[in-house]
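In this text, residue positions in the sequence shown follow the UniProt record's numbering: the first is 1, and each later residue adds one.
Note that beta-carbon positions come from the ideal geometry of N, C-alpha and C, so glycine has one too.
Computed from a prediction, not measured in an experiment: that's the story for all the values here.
One structure is given below, encoded as structure tokens.
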Amino acid sequence: MRDGLSKLLRASTEPRFQNDWDRQRRTASDILERLKTQEGIILADEVGMGKTYVALAVAVSQILSAPQLGQVVIFVPSAVGEKWVREWGKFSDSLLEHQSGIRCVAAPLRRGEDLLRALESRREQIVVVTHTALTVPLKDTFIQLALLYYATRRMSGGVGEELRQRIAKWCNGADGLVKESRFNTQNVQSLFKVSPVLWRAEWERLTKEELLEIPVPASLKHAIRHVNLKRLREAIEALPIRSSNEIERRLEHARVELAAATQEIWKRALSSINLDLPLLIVDEAHRLKNDSTRVSKLFSTDQDEEGPGAFNGIFRRMLFMTATPFELRHSELIRVLKRIDAVRPLDPPPPLTLTERLSKLDSVLTAAQANAVTFDAAWSRLVPTDLGHLDAWNPVVAAPASLTEAARAAWEQARLAVRARREMYEALRPWVIRHVRAHRRVYHAGRSILAGHAGDEGGLEIPESASLPFLLAARAQSVAVDVQGAGRPLFAYGIASSYEAYGRLAAGEDGNGRDTDEAADADTRQTDGAAGVAVALDTVSWYRREIGRALAGTALGASHPKVSATIAKAAQLWLEGEKCLIFCWFIKTGETVDHALAKLVDTSILKRASLALGIEGLEETRAELDRISERLFRSDRPPYQRIRSRLLEALAESSGGYEDVRDLIVDTAIRHLRTPSYLVRYVSLSTEVTDADVWAGINGANARGIDLLGRWRSFAERLVRARRQIEELGGDYEGDSEFSRVRKALLGADIDDDSSAGRGASLHPVRRASGKTKQAVRERLIALFNTPFAPDLLVASSVMGEGIDLHQECRYVIHHDLDWNPGVLEQRTGRLDRIGALAEREGKHIEVYEPYLAGTHDEKMFRVVKDRSQWFDVVMGRPAGSEESETDKEEGRLPLHEKIHDALRMDLRSLGNKSSN
1 MRDGLSKLLR ASTEPRFQND WDRQRRTASD ILERLKTQEG IILADEVGMG
51 KTYVALAVAV SQILSAPQLG QVVIFVPSAV GEKWVREWGK FSDSLLEHQS
101 GIRCVAAPLR RGEDLLRALE SRREQIVVVT HTALTVPLKD TFIQLALLYY
151 ATRRMSGGVG EELRQRIAKW CNGADGLVKE SRFNTQNVQS LFKVSPVLWR
201 AEWERLTKEE LLEIPVPASL KHAIRHVNLK RLREAIEALP IRSSNEIERR
251 LEHARVELAA ATQEIWKRAL SSINLDLPLL IVDEAHRLKN DSTRVSKLFS
301 TDQDEEGPGA FNGIFRRMLF MTATPFELRH SELIRVLKRI DAVRPLDPPP
351 PLTLTERLSK LDSVLTAAQA NAVTFDAAWS RLVPTDLGHL DAWNPVVAAP
401 ASLTEAARAA WEQARLAVRA RREMYEALRP WVIRHVRAHR RVYHAGRSIL
451 AGHAGDEGGL EIPESASLPF LLAARAQSVA VDVQGAGRPL FAYGIASSYE
501 AYGRLAAGED GNGRDTDEAA DADTRQTDGA AGVAVALDTV SWYRREIGRA
551 LAGTALGASH PKVSATIAKA AQLWLEGEKC LIFCWFIKTG ETVDHALAKL
601 VDTSILKRAS LALGIEGLEE TRAELDRISE RLFRSDRPPY QRIRSRLLEA
651 LAESSGGYED VRDLIVDTAI RHLRTPSYLV RYVSLSTEVT DADVWAGING
701 ANARGIDLLG RWRSFAERLV RARRQIEELG GDYEGDSEFS RVRKALLGAD
751 IDDDSSAGRG ASLHPVRRAS GKTKQAVRER LIALFNTPFA PDLLVASSVM
801 GEGIDLHQEC RYVIHHDLDW NPGVLEQRTG RLDRIGALAE REGKHIEVYE
851 PYLAGTHDEK MFRVVKDRSQ WFDVVMGRPA GSEESETDKE EGRLPLHEKI
901 HDALRMDLRS LGNKSSN
């Protein structure tokens with residue numbers, strides 16, 4: 001390292017983050033030290049501990065270590081590409097010494113051709129590229145035409161010229177050979193008259209369209225020599241000179257061959273640049289566990305059957321990142337590590353090859369896994385009276401003879417598991433670094449979500465009047481389980497979530513009702529023809545019809561016992577001035593919770609206002625609230641002017657002299673203050689309420705003693721930091737700065753909401769983000785939820801469960817729908833449990849609610865996932881599905897003894913962080 005990491009990075013500008021930054025910097029130093037002698041490493045810190053900053057610190061060091069500024073490629077899932085670019089902006093501004101000369105791409109690269117151009121130009125040293133850029137077929141028309149040009153360039157006797165004319169003829173718009181209207185016959189003919197290196201100028205001459213990049217990477221010309229274009233030429237030769245009855249079939253054949261040649265040229269072009277890059281960073285590296293995926297094949301080596309992948313031999317080192325390495329089976333973890341073999345050979349080479357070293361690691365992991373599985377089985381045989389005997393357990397003391405046979409077996413197997421586990425950690429330590437966060441969560445299970453039931457054990461009770469549909473669903477479930485091959489009736493699962501989720505699944509709609517970007521394929525019907533299965537399916541269908549009859553005429557929505565509990569808790573938190581994140585797994589459940597919660601909040605507003613104002617009738621109350629809002633907050637009236645003047649003065653210091661920050665918060669605050677949602681919570685309401693009452697309310701003189709002004713000041717300070725970042729990084733950064741995103745979100749710029757377009761973002765306390773929500777709208781909702789303004793309650797699906805930050809103003813989460821896999825719940829809760837989270841700033845816990853229905857499949861899932869969370873790191877890659885044989889065993893198993901759990905706990909901290917503790 002040229003200057004040493006300590007000289008490249010400075011102390012955190014915020015003292016409250018300094019301890020975290022010190023840990024991250026020590027971790028980066030440890031990684032750099034290890035990368036001197038090994039090919040790669042996995043950084044596996046828990047969710048929300050700042051792996052991104054660690055990786056960027058390593059990247060900076062590697063870039064500056066090169067004789068000239070090197071390039072580091074960061075390979076990420078598409079959903080988090082923008083976040084990586086933004087995090088670089090924050091990192092470079094606040095933690096990197098100035099004048100480093102390091103630049104990052106302005107936006108994540110989402111096309112392979114853009115990556116080629118970035119690597120050729122070397123303008124940016126941090127290159128963020130998405131998985132799809134390298135796994136989705138290239139469709140760049142300039143590159144395809146250049147491929148056709150080079151394929152026909154050296155054909156003798158005028159044949160090449162004639163074929164290029166034929167290509168141009170059939171480039172006749174959207175239905176032509178390249179299917180893009182701009183590339184018509186005339187334009188293609190003109191391009192073919194000059195070399196592709198001149199196409200930028202030629203295109204601008206033809207169309208007056210300025211191209212920001214060179215349209216054809218120079219590497220294409222060199223790569224063409226290594227690609228067999230015979231089949232492509234034959235397909236072009238088969239195109240008729242004039243029209244033909246088979247023209248569509250021939251054009252389609254030519255398109256297929258052109259696409260195949262384009263994909264081959266992509267891999268060759270990347271290798272032909274003769275790259276020697278210091279580092280590849282791979283986010284969400286657990287996605288490399290399967291050899292057959294397109295992402296994994298990028299790392300194929302020369303020894304693989306399909307030949308080298310695009311990443312083979314390009315990078316000197318690799319840094320993999322994943323928060324869940326031990327969700328993988330140990331064989332899958334080894335496969336992830338094997339991707340590192342695509343790096344350039346080490347110099348000097350180590351005594352053992354990577355394959356040999358990973359084979360030894362595999363042996364140790366296999367032994368530890370076998371011990372853990374045996375211990376798992378032994379523990380499952382314990383009964384409650386055995387547990388107390390294990391209070392004296394010690395890993396170096398043999399089991400007392402006085403114990404029961406089951407307790408002695410568990411005692412001894414725990415000792416063996418601990419010994420094997422420690423050997424495993426020693427073997428893993430060179431390859432995996434993992435830190436775990438300080439515990440700052442409180443979990444509330446089952447009916448603890450209900451008012452007056454804090455700390456209660458047990459699930460939510462189903463009222464007797466509503467019990468029949470649940471009893472029928474449970475019976476349908478047991479019938480299906482009893483007959484092998486009958487499958488699981490998913491509608492029986494859905495009814496534990498909401499009546500609406502049951503309705504969708506029972507109707508046999510496509511998909512499984514999950515709310516994701518792309519609905520997973522799942523068929524709830526079996527058609528294997530077995531007689532027993534057919535009988536089971538007929539029986540299950542009968543139960544389904546009976547459930548439908550039981551629900552007929554029932555007011556659904558909030559009448560569902562778990563939906564009722566979820567929306568009641570969320571509404572209570574809203575009333576207390578808190579934000580809450582609610583995760584729903586099923587599409588219809590998300591819709592139901594959203595609508596029912598919005599209705600409950602609206603009704604609560606009017607009822608409380610009616611009581612405070614002494615007015616009977618909700619409509620009359622609504623009208624009086626409108627009159628109060630008009631009287632106090634119409635811009636041409638003195639009360640509004642006094643409130644605005646006071647706010648401007650109160651926020652002047654915390655706005656740091658930035659009038660745009662101050663005005664944005666003041667105007668947004670007034671827009672919210674005039675809403676019934678704010679008036680009933682933060683103002684002592686009466687028909688004669690004054691602006692003095694409003695001012696007192698936002699200063700804490702409200703029912704909950706909430707200091708709104710203090711919240712707004714803290715928010716202003718955060719925006720000031722973002723505003724200064726714009727100045728330090730220059731105007732080019734402004735469009736994607738945190739300040740710009742927040743401002744656009746608060747002002748409602750281009751918002752996908754008819755009720756708020758042009759008038760600012762929606763002020764309703766409840767919003768929903770689902771798989772159907774446009775990505776741009778999701779980004780605005782994220783920005784809004786991270787402000788002290790609306791929305792206060794966000795109903796979210798799994799699409800909001802990974803890779804985003806929702807921690808700035810919220811510390812409450814409700815997992816309305818659970819999951820068999822504890823890692824999924826960990827990821828979702830992790831949206832709030834991050835460095836600098838509200839809980840951390842206030843010195844309070846993150847409150848996690850996990851409601852479930854007593855005596856149903858819902859309770860079984862809760863007990864299984866809690867059991868699995870204890871064994872999460874003990875039995876690597878344990879099944880996380882819903883197979884009955886597994887879940888039955890896990891549901892009733894005794895909790896793992898705390899002493900044994902502590903002895904099995906992993907310690908894979910970086911060396912520097914070990915010595916600092």
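Give a yes or no on whether the C-beta atoms belonging to P851 and L460 are separated by under 8 angstroms.
Taking the first residue of the sequence shown as position 1, residue 851 is located at position 851. Taking the first residue of the sequence shown as position 1, residue 460 is located at position 460. Against a cut-off of 8 angstroms, the Cβ pair of L460 and P851 comes out as a contact.
Residue of E46, R721 and K179 minimising C-alpha distance to D833:
Taking the first residue of the sequence shown as 1, we reach residue 833 at position 833. Among E46, R721 and K179, the Cα nearest to that of D833 belongs to E46.
Do you know offhand how far G771's Cα is from T27's?
As a first step, residue 771 is located in the sequence shown; it is residue number 771 there, counting from the start. As a first step, residue 27 is located in the sequence shown; it is residue number 27 there, counting from the start. C-alpha separation (whole angstroms): 36 angstroms.
Suppose you measure from the CA of E616 to the CA of I643; what does that come to, to the nearest Å?
On the sequence shown, residue 616 is found 616 positions in, with the first residue counted as 1. On the sequence shown, residue 643 is found 643 positions in, with the first residue counted as 1. Approximately 30 angstroms between the Cα atoms of the pair.
Work out the CA separation of R724 and G710 for me, nearest whole Å.
Residue numbering aside, residue 710 sits at position 710 when the sequence shown is read from its first letter. Residue numbering aside, residue 724 sits at position 724 when the sequence shown is read from its first letter. Using only the alpha carbons, I get a separation of about 21 angstroms.
According to DSSP, residues forming a beta bridge with I582:
Here the question's residue 582 lines up with position 582 in the sequence shown. DSSP, once it has assigned bridges, lists V795 and I814 as partnering I582.
Determine the extent of the beta strand (DSSP E) in which V127 is found, giving its start and end residues.
Position 127 of the sequence shown, counting from 1, holds the residue named residue 127. From DSSP, the beta strand (DSSP E) with V127 extends over I126 to T130.
Beta bridge counterpart(s) of E847 as assigned by DSSP:
Position 847 of the sequence shown, counting from 1, holds the residue named residue 847. Answer by DSSP bridge pairing, in chain order: V442 and Y812.
Could you tell me which of V680, L220 and L8 sits nearest to I605, measuring between CA atoms?
Reading the sequence shown from its first residue, position 605 is the one you call residue 605. Per the Cα distances, V680.
Using DSSP with H/G/I as helix, E/B as strand and the rest coil, what is P77?
The residue given as residue 77 occupies position 77 in the sequence shown. DSSP places P77 in coil when its eight states are reduced to three.
Looking only at its own chain, which residues have a Cβ that is under 6 angstroms from the Cβ of A790, when we skip the five neighbours before and after it?
On the sequence shown, position 790 is the one that residue 790 refers to. Result list for A790: L763 and P765, in chain order.
C-alpha distance - H901 paired with A451, whole-angstrom precision:
Walking along the sequence shown from the start, residue 901 turns up at place 901. Walking along the sequence shown from the start, residue 451 turns up at place 451. Going by the C-alpha atoms only, they are around 33 angstroms apart.
Restricting to runs no shorter than 4 residues, where is the alpha helix (DSSP H) found entirely within the segment 556-611?
561-575
How many whole angstroms separate the CB atoms of V813 and T829, which I take to be in contact at a CB cut-off of 8 angstroms?
Stepping through the sequence shown from its first residue, residue 813 is reached at position 813. Stepping through the sequence shown from its first residue, residue 829 is reached at position 829. Indeed, because the Cβ distance is near 6 angstroms, the residues count as touching under 8 angstroms.
Let me know if A776 comes out buried or exposed under the rule of 16 or more other beta-carbons within 10 Å of its beta-carbon.
Numbered from its first residue, the sequence shown carries residue 776 at position 776. A776 comes out exposed.
Return the CA-CA distance between R783 and V795, expressed in angstroms with no decimal places.
Taking the sequence shown and counting its residues from 1, the one referred to as residue 783 is at position 783. Taking the sequence shown and counting its residues from 1, the one referred to as residue 795 is at position 795. The sequence given here places Ala at residue 783; Arg does not occur at that position. Each residue's Cα considered, the two are about 15 angstroms apart.
Please state if the CB of V418 and the CB of P395 are separated by a distance shorter than 8 angstroms.
Taking the sequence shown and counting its residues from 1, one reaches residue 395 at position 395. Taking the sequence shown and counting its residues from 1, one reaches residue 418 at position 418. Yes, they are a contact pair.
Skipping 5 residues on each side, what residues in its chain have a beta carbon closer than 8 angstroms to that of A392?
Residue mapping note: residue 392 aligns to position 392 of the sequence shown, counting from 1. Cβ within range, chain order: P400.
Quick one: give me the first and last residue of the beta strand (DSSP E) that A900 is part of.
By 1-based counting over the sequence shown, the position of residue 900 is 900. According to the sequence shown, residue 900 is Ile rather than Ala. No beta strand (DSSP E) contains I900, which is instead part of the alpha helix (DSSP H) from E898 to L904.
Ignoring anything shorter than 4 residues, give me the alpha helix (DSSP H) runs that lie fully in the segment 92-172, in order along the chain.
112-121, 131-135, 141-152 and 159-169
Candidates A722, Q808, R381 and L685: which alpha carbon is nearest R608's?
Translated into positions along the sequence shown, residue 608 becomes position 608. Comparing Cα-Cα distances from R608 to each of A722, Q808, R381 and L685, the minimum goes to L685.
Count the other CB atoms, across all protein chains shown, that sit within 10 Å of the CB of M562; report buried if there are 16 or more and exposed otherwise.
Locating residue 562 in the sequence shown gives position 562, where the first residue counts as 1. A quick correction: the sequence has Lys, not Met, at residue 562. It is buried - the Cβ of K562 has at least 16 other Cβ atoms within 10 Å.
Between the segment 81-88 and the segment 29-42, can you find at least three pairs of beta-carbon atoms closer than 8 angstroms?
no
Would you call the CB atoms of W431 and I41 closer than 8 angstroms?
Residue numbering aside, residue 431 sits at position 431 when the sequence shown is read from its first letter. Residue numbering aside, residue 41 sits at position 41 when the sequence shown is read from its first letter. Yes, they are a contact pair.
Please list the segments of the beta strand (DSSP E) lying wholly inside the segment 413-470, counting only runs of 3 or more residues, in order along the chain.
441-445
Interface flag, S156 vs chain C, CB-CB below 8 angstroms:
Annotation note: the requested chain C is absent from the structure, which comprises a single protein chain.
To the nearest whole angstrom, what separates the beta carbons of S497 and F583, a pair I think is in contact under 8 angstroms?
Sequence index remark: in the sequence shown, residue 497 carries index 497 (1-based). Sequence index remark: in the sequence shown, residue 583 carries index 583 (1-based). About 11 angstroms; that fails the 8 angstroms criterion.
Just to confirm, are A44 and T322 a CB contact at a threshold of 8 angstroms?
Within the sequence shown, numbered from 1, the residue matching residue 44 stands at position 44. Within the sequence shown, numbered from 1, the residue matching residue 322 stands at position 322. Yes.
Among the residues of its own chain, which have a CB less than 6 angstroms from the CB of R909, if the five just before and after it don't count?
Taking the sequence shown and counting its residues from 1, the one referred to as residue 909 is at position 909. Only H435 meet the Cβ criterion.
With a Cβ-Cβ cutoff of 8 angstroms, do Y425 and D907 count as a contact?
Here residue 425 refers to the residue found at position 425 when the sequence shown is read from its first residue. Here residue 907 refers to the residue found at position 907 when the sequence shown is read from its first residue. Yes, Cβ-Cβ distance for Y425 and D907 is below 8 angstroms.
Please say whether V864 and D819 have beta carbons closer to each other than 8 angstroms?
Walking along the sequence shown from the start, residue 819 turns up at place 819. Walking along the sequence shown from the start, residue 864 turns up at place 864. The answer is no: Cβ separation not under 8 angstroms.
As an exercise, report each continuous alpha helix (DSSP H) stretch of at least 4 residues that is fully enclosed by the segment 304-353, in chain order.
330-338
Cβ-Cβ distance between E653 and T592 below 8 angstroms:
Taking the sequence shown and counting its residues from 1, one reaches residue 653 at position 653. Taking the sequence shown and counting its residues from 1, one reaches residue 592 at position 592. It is not a contact, given that the beta carbons lie outside the stated cut-off.
Taking just the CA atoms, how far does Q18 sit from L9?
For the purposes of this step, residue 9 is taken as the residue at position 9 of the sequence shown. For the purposes of this step, residue 18 is taken as the residue at position 18 of the sequence shown. One C-alpha to the other measures close to 12 angstroms.
For G40: DSSP bridge partner residues:
Numbered from its first residue, the sequence shown carries residue 40 at position 40. In DSSP, G40 forms a bridge with M318.
Have a look at the DSSP bridge pairing and note the partners of V72.
One-based indexing of the sequence shown puts residue 72 at position 72. V72 pairs with I126 and L279.
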